[in-house]
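K.L.:
Attaching a single structure in structure tokens format; questions to follow.
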Amino acid sequence: MPVRPFAVLLAAGLLLPALPLRAQDDVTLERIMGHPDWLGRQPEVPYWSSDAGSIYFQRKREGEEARDLYRIDLEERQTVQVSDRDRAGVDAAGGDWDRERRRRVFVKAGDVFVRDLDRDGGLIQITRTAAFESAPFFTAGGDVAFRRAGVWFVQERETGLLRQPFDVRTEDDPEQARAEQDLKAGYLERQQPRLLEIVRQRRQRQERSLEASRERQAGDPSRSALPHYLGKEVEVAGSALSPALDRLVLRIRPKERDEGLRDRMPNYVTATGMVDVEEVRMKVGTAETAGERLILLSAGDAEPAMLDLSVLPGIADDPLADLREAARERKKAREAATKQAGGGEDVAGAEAESVERKNEETSEAEPEPRPVRFGPVSFNRDGSRAVVQVYSADNKDRWIAGIDLEAGELRPLHRMSDPAWINYAFRDMGWLPNNQTVFFLSEETGYSHLHVMDTATGERLQVTEGDFVVRSPQVSADGAFLYFEANRNHAGVFDVFRAPVSKAGTGVIEQVTFLGGLNSFRLSPDDGHLLIVHSTATRPPELWLQDASPGAEAVRLTETGSADFLAIDWVVPRFVEVPSSHADRPVHARLYLPPDSTEAPRPAVVFVHGAGYLQNAHQGWSSYFREFMFHTLLARRGYVVLDMDFRASAGYGRDWRTAIYRQMGTPEVEDLADGIEYLVAGHGVDRDRSG
């Protein structure tokens, strides 16, 4: 596919300056570890304008932390910096479209705005407050809803009225609190209403007054909604308002909970010259797993409905039962050996026997559901259906459940289990425009793949299949296609693909981009174009534009690399597959060879990436960019460098990811050792000078 570079960056510091006199600059440790501004300050947070005629992006200001905003006019092919004053009239990223896709609501600098394409593209500011509004969307009736300080508000389009559809309070219901207080009252306090009529009358008048006040509030449409009391023992962790404005789903958790022990780290480099001590990560295993619950609130005076989690299949299973039993058996064996060797009183054995008896006594009891946490609750466009992802706290299960809004019950739709752990990275889920079907990612086949599911019938179709990873799905506005990123052609190359929704279940997908390297995308509001963030192993991310059709020509929009960076003859890595002596497939790696050295045997460095779960041997720009530059420095000095995606790395499917389960450290070292053997056998490396 032809690729035509197209530089549109202007005088505002974006035009590529002339190359320096020295076409080749040294790669030094000082430069590598210096502030990355010298690389060129790449585009950040790109997004489409509402009319699809422009693209906005941020760019770091040189020598400062501030970000400037730029606009690319796609018709004029011009890029300009947006002044602070002109920012008032531009769009922001994210937000929601109305049913006709003519109005778009979004948050900018903490305030809510609406872009109306039917009013000459006019921008309407809905709020201007010191508070921070978030999560705006259009209701089923076309009004604007948003959240402020955890509370949902709705501004009516016709009247401009700002109202609060639900009043949620994490405190005890006053009536219930009074009843509980009566139960705790002493003898003297209890007998007063019996003996003194005036005390009895005062109490009755107070109760009638409160009841009359509630009735007036409920019957007067100009008044705010009656409060829902959740109790003072809980806090709200999240909420979702139905577009129909008749339901509110709350995630709650205990207010008082053991959050574990946090370690402390000294910070020696401070402005005061004194050592600061800051709290860092919690110690693993020290926190109490309290779990979350879902509450469904209905408009009016209805009682809150606590959704029953026991309907989720397998929620009460113990995935670690075999491990616990094996641990008990090992303990018994050790205790028996100690006793046979003439040890003292077998206190531990007695304790274990007591535990076993307790287990036998409780084995017939109804098992308790495991603690869970919830993903965001997602309503369809008209508010008639809602779905939620539920994750067990032990990371062994993920459920997708529908919420029966009339019955106040969960309806299990899909369960994914993993004896190692569920991959939280692939949690994308959304609605198709038909208001009944959801799309989601699942790793159940061994790789992250795209599925669609009818929430009414539970019928599910797998959209993609094969030994490759699918991520970041996005549905087109007309619902005809699902676009996504995938490494179908090579594990280290993520291009953009699409699948016709009408052919879901057939495995039909189309490759849209052919740029190679790493590519992420944003589909334009009119479905016509892709805004692509593209990078290669030696070039940081830049913006590209392409029609949203397979094989269309890609056009480069930005060129932000600095002259100093581009002048360096970086060592281009080879992308190799290292034979594995422990796995049934090779280990993908980047190989950096000395550009001029033919000396053998040669020294070698094997780079070990961190970040927990990460892919680094891909063909795009690495988040380890300093290490990439250091590899060039080493290669120029005669070292062979191997950068491996050992087992536990991302990008290669579930089995590769979980190979370290309960043996962390072993597979990684085995793969690194295979890397040394590969270098010795094929690249003239001295085994004694490698590490």
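When we follow my numbering, the leftmost residue of the sequence shown carries the number 1031, and every step to the right adds one. Note that the Cβ used here is the ideal one computed from N, Cα and C, for glycine as well.
Hey, could you find the ends of the beta strand (DSSP E) Val-1523 is sitting in?
P.N.:
1523-1530
K.L.:
Taking all protein chains shown into account, decide if Met-1674 is buried (16 or more other Cβ within 10 angstroms of its Cβ) or exposed.
P.N.:
buried
K.L.:
What did DSSP end up calling Thr-1467 once you bin it into helix, strand or coil?
P.N.:
strand
K.L.:
Hey, how far is the Cα of Leu-1471 from the Cα of Glu-1106?
P.N.:
Spanning the two alpha carbons is a distance of roughly 39 Å.
K.L.:
Suppose only complete runs of 3+ residues qualify. What are the beta strand (DSSP E) ranges in the segment 1126-1194, listed by chain order?
P.N.:
1133-1138, 1141-1146, 1152-1155, 1163-1168, 1174-1178, 1181-1185
K.L.:
For Leu-1644, does the three-state DSSP call read helix, strand or coil?
P.N.:
coil
K.L.:
Tell me, please, which residues DSSP counts as bridged to His-1479.
P.N.:
Ser-1472
K.L.:
Under the rule that 16 or more other beta-carbon atoms within 10 Å means buried, what is Ala-1139, buried or exposed?
P.N.:
exposed
K.L.:
Counting Cβ pairs closer than 8 Å, one from the segment 1676-1692 and one from the segment 1439-1450, do we hit at least three?
P.N.:
yes
K.L.:
Let me check understanding here. Comparing Cα to Cα, which of Ala-1534, Val-1526, Leu-1596 lies closest to Trp-1574?
P.N.:
Nearest to Trp-1574 by C-alpha distance, out of Ala-1534, Val-1526, Leu-1596, is Val-1526.
K.L.:
Mind checking Phe-1655: buried by the 16 CB within 10 Å criterion, or exposed?
P.N.:
exposed
K.L.:
Quick check: what's the CA-CA separation for Ala-1423 versus Val-1482?
P.N.:
26 Å
K.L.:
What did DSSP end up calling Phe-1404 once you bin it into helix, strand or coil?
P.N.:
strand
K.L.:
Buried or exposed for Trp-1651, please, with buried defined as at least 16 other CB atoms from any protein chain shown within 10 angstroms of its CB.
P.N.:
Buried: at least 16 other Cβ atoms inside 10 Å.
K.L.:
Under the rule that 16 or more other beta-carbon atoms within 10 Å means buried, what is Tyr-1682, buried or exposed?
P.N.:
buried
K.L.:
CA-CA distance, Trp-1182 and Asp-1098?
P.N.:
32 Å
K.L.:
Cβ of Ala-1416 within 8 Å of Cβ of Gly-1432?
P.N.:
yes
K.L.:
Ignore the nearest five residues each way along the sequence and tell me which others in Asn-1389's own chain have a CB closer than 6 Å to its CB.
P.N.:
Low local confidence applies: a pLDDT of 48 at Asn-1389 is under 50, so the model's placement there is unreliable, with the coordinate-based value given in what follows. If we look at Asn-1389 and ignore the five residues flanking it on each side, it has no Cβ neighbours.
K.L.:
Determine the direct distance from the alpha carbon of Arg-1292 to that of Glu-1394, and round the result to whole angstroms.
P.N.:
Since pLDDT at Glu-1394 reaches only 48, below the 50 mark, its modelled position is unreliable, and no value is offered.
K.L.:
Within its chain, find whatever has a CB closer than 8 Å to the CB of Gln-1054; leave out the 5 residues flanking it on each side and keep chain order.
P.N.:
Confidence at Gln-1054 is low in this model, with a pLDDT of 44, below 50, so the placement of that residue should be treated as unreliable; the coordinate-derived value is given next. So the list reads Ala-1597, Ile-1598, Asp-1599, once near-sequence residues are dropped.
K.L.:
By how many angstroms is the C-alpha of Glu-1572 removed from the C-alpha of Phe-1605?
P.N.:
22 Å
K.L.:
Can you tell me which of Gln-1645, Val-1601, Arg-1490, Phe-1676 puts its alpha carbon nearest to the alpha carbon of Leu-1663?
P.N.:
Val-1601
K.L.:
Name the residue from Ile-1325, Ala-1329, Ala-1367, Glu-1398 whose alpha carbon lies nearest to the alpha carbon of Ala-1346.
P.N.:
Glu-1398
K.L.:
Would a check of beta-carbon distances place Val-1418 closer than 8 Å to chain D?
P.N.:
In the displayed structure, chain D is absent; only one protein chain is listed.
K.L.:
With distances taken Cα to Cα, identify the nearest neighbour of Gly-1119 among Leu-1104, Val-1137, Leu-1623, Arg-1620.
P.N.:
Val-1137
K.L.:
Going by alpha carbons, who is nearest to Arg-1311 out of Val-1299, Met-1295, Asp-1427?
P.N.:
Met-1295
K.L.:
Leaving aside the five residues before and after Ala-1248 along the sequence, list all residues of the same chain whose C-beta is less than 7 Å from its C-beta, in chain order.
P.N.:
Leu-1256, Asp-1331
K.L.:
Mind the definition here: the segment 1695-1707 touches the segment 1544-1562 only if three or more C-beta pairs lie below 8 Å; say whether that holds.
P.N.:
no
K.L.:
Is the segment 1551-1570 touching the segment 1497-1510, taking contact as three or more C-beta pairs under 8 Å?
P.N.:
These segments touch.
K.L.:
In terms of DSSP beta bridges, what is Gly-1268 paired with?
P.N.:
Arg-1281
K.L.:
Ordered along the chain, which non-local residues of its own chain (more than five positions away) have a Cβ less than 6 Å from that of Arg-1387?
P.N.:
The predicted position of Arg-1387 is uncertain, since its pLDDT is 48 and thus under 50; no value can be drawn from it.
K.L.:
Any idea what DSSP makes of Gly-1438, helix, strand or coil?
P.N.:
coil
K.L.:
Using 10 angstroms around the beta-carbon of Ala-1529, count the other beta-carbons present and answer buried if the total reaches 16, otherwise exposed.
P.N.:
buried
K.L.:
What number of angstroms, rounded off, separates the C-alpha of Asp-1173 from the C-alpha of Ser-1252?
P.N.:
Spanning the two alpha carbons is a distance of roughly 18 Å.
K.L.:
Exposed or buried, which one is Glu-1318 when buried takes at least 16 other CB atoms within 10 Å?
P.N.:
exposed
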